[in-house]
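Chemist: Have a look at this one before I ask anything.
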Ligand code: ZN
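Numbering (my numbering), first residue to last: 877 to 1362.
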């Protein structure tokens, strides 16, 4: 209850709250967070969990009951090992670091952020040692976002992926047949986009009786109750793709939230498996469905009716091809589907080096620029467009970045499995029938909540161990074809 109230306050802060309310909202949020932490670490609660774990339900209960007991106990022990002083210090330092980050990014001044970021990394390392004293510190941090994830496995997977993506990016850049994406940057009135995008979200299955779509600068999805999922987007009258793909992404997250077992809301069988699995759902709808030829066969007449002036002289095929353009960019959130993973892998390597003591926070900007130019072929002209672009590290989100690319890997493998199980899928998508795919995801992914760790869940759904090869294949096939590469 407290956590969902916290989530609702957070949603309100981003969407509705007047600016002068911020200070009091900060106090409200702190009060709820303190209460929640106290309940989560209450010794009496720990004793209840311990006796449940030794009682008959832990042996003979349903799979969900056994999972709930096991994971609640794991969570409790993890939280209870963290002293309240550290929780407070982290919360306070991260608020200060995020404020410093906003100033630092606006003036491209690394030194404004550096001392606070050093404190954040130090505190997170301390947190790692408290939460999971026997684990590698990076794995201990990763566990908050990707339970059961281990960095050596991810590093090996990412290295194989990188070895395939770098040549693809180079081949796309060197191709003489590059998709023309000018059509995406015509005039698309915001009011028309709002109707159009809402229709698309409804058609893929997002339930507006159990959810909302609102406007924010940074899009997100937040589950604030078993029948209350909030997604947000930003609008750009000069872009067809910004809101449409923002909403397909967030609605993908929303479909997962809406597909979790409501009777287990707030308990592990009703919680998402991991951020990587969450991201696999958003990426699947955004990229593998939303950028496909079949999707545009269905969507194009609707888009043309919504934007008759801007789409009068083009075809479904030319819009879909425009979406396949690859442009290496400085900024992760503006990156295309192919180069996106290079941004993520770089952050994963750098943050891990800092956590492991192989790189100092002071040396991050130079390490960033050096790695960026190796992967992308040019150096960021300023730190604002380099090491200062993301808020994650300042917010204490360390060990979070790899979940983005894990999401892409899981999405490609799940989509390949869904295609094998649903031989008519392409024809269904082209006819605007999304319920078969959604039902498959509900049955193989959503219904399990947090009962399985991500690797086991993907393996069970697809019939084989997690592998990056499906993503490699999918990227080469779709983007290679669009750029005239065999
Ligand atoms: Zn996402």
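We put the CB at the ideal spot given by N, CA and C, even for glycine. Model, not experiment: these values are computed from the prediction.
#1: For residue 1207, count neighbouring C-beta atoms within 10 Å of its own C-beta (all shown protein chains included) and say buried if the count is 16 or more, exposed if not.
#2: Near residue 1096, what residues of its chain come up, given a Cβ to Cβ distance below 6 Å and the 5 sequence neighbours on each side ignored?
#3: Check the C-beta distance from residue 1246 over to residue 1036 and give it rounded, since I have them as a contact under 8 Å.
#4: Rounded to whole angstroms, what's the CA-CA distance from residue 1325 to residue 882? Just pull it up for me.
#5: Pairs of beta-carbons, one from the stretch 1293-1309 and one from the stretch 1251-1266, closer than 8 Å: are there three or more?
#6: Ligand 1 heavy atoms versus the CB of residue 1158: any closer than 8 Å?
#7: Assuming residue 943 is part of the beta strand (DSSP E), what are its boundary residues?
#8: Does the beta carbon of residue 1283 fall short of 8 Å from some heavy atom of ligand 1?
#9: Please report the residue range of the alpha helix (DSSP H) in which residue 1225 lies.
#10: Answer with buried or exposed for residue 1066, where buried requires no fewer than 16 other C-beta atoms within 10 angstroms of its C-beta.
#11: Assuming residue 1106 is part of the beta strand (DSSP E), what are its boundary residues?
#12: Assuming residue 1014 and residue 1232 make a contact with CB atoms under 8 Å, what is their CB distance in whole Å?
#13: Hey, would you say the C-beta of residue 953 is under 8 Å away from at least one heavy atom of ligand 1?
#14: Go through the stretch 1268-1332 residue by residue and report every complete run of the alpha helix (DSSP H) that reaches 4 residues or more, in order.
#15: To the nearest angstrom, how far is the alpha carbon of residue 926 from that of residue 932?
#16: Return the first residue and the last residue of the beta strand (DSSP E) that residue 1026 is part of.
#17: Is any heavy atom of ligand 1 found at a distance shorter than 8 Å from the C-beta of residue 1097?
#18: Starting from residue 1091, follow its DSSP beta bridges and name the residues at the other end.
#19: Can you tell which of 1173, 1333, 1214 has the C-alpha that lies nearest to the C-alpha of residue 1048?
#20: Roughly how many angstroms separate the alpha carbons of residue 1275 and residue 1034, rounded to a whole number?
#21: If we count Cβ pairs, one from each stretch, closer than 8 Å, do we get three or more for the stretch 1148-1168 versus the stretch 1121-1136?
#22: With respect to the beta strand (DSSP E) encompassing residue 1098, which residues constitute its N-terminal and C-terminal limits?
#23: Would the beta-carbon of residue 1219 be found less than 8 Å away from any heavy atom of ligand 1?
#24: Ends of the alpha helix (DSSP H) at residue 968?
#25: What do you reckon, are the CB atoms on residue 996 and residue 966 nearer than 9 Å?
#26: Examine ligand 1 and report whether any of its heavy atoms sits within less than 8 Å of the Cβ of residue 1210.
#27: Using C-beta distances below 8 Å, list every residue in its chain close to residue 1179, excluding the 5 sequence neighbours before and after it, in chain order.
#28: Is residue 1241 near residue 1263, with beta carbons less than 9 Å apart?
#29: What residue range is occupied by the uninterrupted alpha helix (DSSP H) comprising residue 988?
Modeler: On the basis of the supplied data:
#1: exposed
#2: 1108
#3: About 22 Å separates the two Cβ atoms, so there is no contact after all.
#4: 21 Å
#5: no
#6: yes
#7: Looking at the DSSP string, residue 943 is not in any beta strand (DSSP E); the run it does join, the alpha helix (DSSP H), is 939-956.
#8: yes
#9: 1213-1231
#10: exposed
#11: 1104-1109
#12: 6 Å
#13: no
#14: 1278-1297, 1301-1306, 1311-1320
#15: 12 Å
#16: That residue, residue 1026, is in no beta strand (DSSP E); it is neither H nor E in DSSP.
#17: yes
#18: 1109
#19: 1214
#20: 14 Å
#21: yes
#22: 1097-1101
#23: no
#24: 960-982
#25: yes
#26: no
#27: 1072, 1116, 1187, 1195
#28: yes
#29: 986-1007
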